[in-house]
Amino acid sequence: MGDDHPTKKSDWLRTAIMTIVASGSPSARASNHTHFVVDQMGRAIVAGEYPPDTMIPLDPDLCEMFDVSRTVVREAKKTLAAKGMIASKAKVGTHVRPSDEWNMFDEDVLRWHTSVKSPGRFYDELFEIRLIFEPAAAASAARRANEVDCDRLFALCDSLASAASRADFAVADYEFHHHVLKLSGNRFLQSLGDMVQTALYSLFLIETGEKFQEVKAEVAQNHRAIARAIASGLPEAAHTAMLKVITEGHDRTRATA
1 MGDDHPTKKS
11 DWLRTAIMTI
21 VASGSPSARA
31 SNHTHFVVDQ
41 MGRAIVAGEY
51 PPDTMIPLDP
61 DLCEMFDVSR
71 TVVREAKKTL
81 AAKGMIASKA
91 KVGTHVRPSD
101 EWNMFDEDVL
111 RWHTSVKSPG
121 RFYDELFEIR
131 LIFEPAAAAS
141 AARRANEVDC
151 DRLFALCDSL
161 ASAASRADFA
171 VADYEFHHHV
181 LKLSGNRFLQ
191 SLGDMVQTAL
201 YSLFLIETGE
211 KFQEVKAEVA
221 QNHRAIARAI
231 ASGLPEAAHT
241 AMLKVITEGH
251 DRTRATA
């Protein structure tokens, strides 16, 4: 049940994480691309520059703002509408929908939330949903996992403990949680794995140096407790250990926010 291309996946994940922690605009400012307009408008909406129920600029203004064609603007608006973020009315214009109507499982919507300077509510909600499904996944994994599966978990714990950078640490952490979800055998739980990637952004809030080394060792030890419980076939212990990891991760994030 291991990964067929672990190196390729790690490279992709590292790029994704570094994109998440980037300060804002895409590196390639191709202003004639729909993706650029979607990204800029999405970030602005999530940041509150366009509050719920307010109107976004008219198409001609957006064309001038981003130096793009009306076709690009229309396609960008269609994309944002599909994410549940905006809605258009004939002869009225396009307004921002309330945030509880946004598709929070959309990869872009999640990414835009991580770029907000004070994403307190986002982190609280994200960790709340993690508390619902990840301990259950760990318990299910303890009922199903075999020796090879558990070897992979312990190897990832070693990667956590030996990580030379926060980026390496975040990759190992993501892969550990993703593997637990996979071992649960539940395809719905596996589909939620992308949320874990976004949650890893919180690890970048940890300071470097001695403090990072202390936190790194503690987190690695706590993840090893999950691996031991799964390897021993102890669902309740795996549930409890996962609960501890998520709760302490949340506490660290809130303390440094």
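Using UniProt numbering, the letters of the sequence shown correspond one by one to residues 1 to 257. All C-beta atoms, glycine included, are put in the ideal place defined by N, C-alpha and C.
Close Cβ partners of Met242 (< 7 Å) along its chain, the five nearest in sequence each way excluded:
On the sequence shown, position 242 is the one that residue 242 refers to. If we look at Met242 and ignore the five residues flanking it on each side, its Cβ neighbours are Glu134, Pro135, Ala138 and Ile226.
Going along the chain, which residues of its own chain have a beta-carbon closer than 8 Å to the beta-carbon of Asn186, five neighbours each way excluded?
Indexing the sequence shown from 1 puts residue 186 at position 186. Within the same chain, and ignoring the five residues on either side of Asn186 in sequence, the residues whose Cβ sits closer than 8 Å to its Cβ are Ala137 and Ser140.
Go to Ala170, then tell me how far its alpha helix (DSSP H) extends in each direction, as first and last residue.
Start at 1 with the first residue of the sequence shown, and residue 170 comes out as number 170. Arg166 to Leu183 is the extent of the alpha helix (DSSP H) around Ala170.
Does the Cβ of Gly249 have 16 or more other Cβ atoms within 10 Å, making it buried, or fewer, making it exposed?
As a first step, residue 249 must be located in the sequence shown, where it is residue number 249. Answer is buried; the Cβ neighbour count reaches 16.
For my contact list, Met55 and His95 are in at a C-beta cut-off of 8 Å; report their separation, rounded to the angstrom.
Here residue 55 corresponds to residue number 55 of the sequence shown, with the count starting at 1. Here residue 95 corresponds to residue number 95 of the sequence shown, with the count starting at 1. Rounded, the Cβ-Cβ distance is 5 Å, consistent with contact.
Collapsed DSSP secondary structure at Leu203 in the structure displayed
For the purposes of this step, residue 203 is taken as the residue at position 203 of the sequence shown. With a pLDDT of only 49 at Leu203, under the threshold of 50, the placement of this residue in the model should not be trusted; the figure read from the coordinates follows. Leu203: helix per DSSP, three-state reduction.
Can we say the segment 152 to 171 touches the segment 214 to 234, given the rule of at least three CB pairs closer than 8 Å?
In short, these stretches touch, since the Cβ pair count reaches three.
If I measure Cβ to Cβ from Ala142 and keep anything under 7 Å in the same chain, skipping five residues before and after, which residues do I get?
As a working mapping, residue 142 is identified with position 142 in the sequence shown. Closer than 7 Å at the Cβ level, and outside the excluded window around Ala142, lie Ala229, Ile230, Gly233, Leu234, Pro235 and Ala238.
Suppose contacts are defined by Cβ-Cβ distances below 9 Å. Is Pro57 in contact with Arg70 by that definition?
Position 57 of the sequence shown, counted from the first residue, corresponds to residue 57. Position 70 of the sequence shown, counted from the first residue, corresponds to residue 70. With respect to Arg70, Pro57 sits apart: the two C-beta atoms are not nearer than 9 Å.
Local conformation of Gly93 per DSSP, three classes
As a first step, residue 93 is located in the sequence shown; it is residue number 93 there, counting from the start. Here Gly93 sits in strand by DSSP.
May I have the straight-line CA-CA distance separating Glu107 from Val38, to the nearest angstrom?
Taking the sequence shown and counting its residues from 1, the one referred to as residue 107 is at position 107. Taking the sequence shown and counting its residues from 1, the one referred to as residue 38 is at position 38. A direct Cα-Cα distance of roughly 13 Å separates Glu107 from Val38.
Unbroken stretches of the beta strand (DSSP E), 3 residues or longer, contained in the segment 53 to 133
List check, beta strand (DSSP E) in window: 86 to 89 and 93 to 96.
Does the Cβ-Cβ distance between Ser99 and Pro52 come in under 9 Å?
Within the sequence shown, the letter at position 99 stands for residue 99. Within the sequence shown, the letter at position 52 stands for residue 52. Less than 9 Å separates the beta-carbon of Ser99 from that of Pro52.
For Leu131, which residues from the same chain have a beta carbon less than 8 Å from its beta carbon, with the 5 sequence-adjacent residues on both sides left out?
The residue labelled residue 131 in the question sits at position 131 within the sequence shown. Only Leu243, Ile246 and Thr247 meet the Cβ criterion.
So what does DSSP say about Ala163, is it helix, strand or coil?
Along the sequence shown, one-based indexing puts residue 163 at 163. Coil at Ala163, not helix or strand.
So which of Met104, Phe188 and Leu153 has the shortest CA-CA distance to Val180?
To locate residue 180, count along the sequence shown from 1; it is residue 180. Closest option to Val180, judged by alpha-carbon separation, among Met104, Phe188 and Leu153: Leu153.
beta-carbon Lys77 near the ligand FMN non-hydrogen atom, thresh 8 Å
What this structure holds is no ligand at all, so the ligand FMN is not there to describe.
Who are the Cβ neighbours of Pro74 in its own chain at under 6 Å, not counting the five residues just before and after it?
Position 74 of the sequence shown, counted from the first residue, corresponds to residue 74. Correcting the residue identity first, residue 74 is Arg in this sequence and not Pro. If we look at Arg74 and ignore the five residues flanking it on each side, it has no Cβ neighbours.
Identify the continuous alpha helix (DSSP H) that holds Leu189 and give its terminal residues.
Against the sequence shown, residue 189 aligns to sequence position 189. Arg187 to Ser191 is the extent of the alpha helix (DSSP H) around Leu189.
How many Å lie between Phe36 and Trp112 at the Cα?
As a position in the sequence shown, residue 36 is number 36, starting the count at 1. As a position in the sequence shown, residue 112 is number 112, starting the count at 1. Between Phe36 and Trp112, the C-alpha separation is close to 13 Å.
What does the alpha-carbon distance come out to for the pair Asp67 and Thr240?
Working through the sequence shown from its first residue, we reach residue 67 at position 67. Working through the sequence shown from its first residue, we reach residue 240 at position 240. Asp67 and Thr240: Cα-Cα distance of roughly 53 Å.
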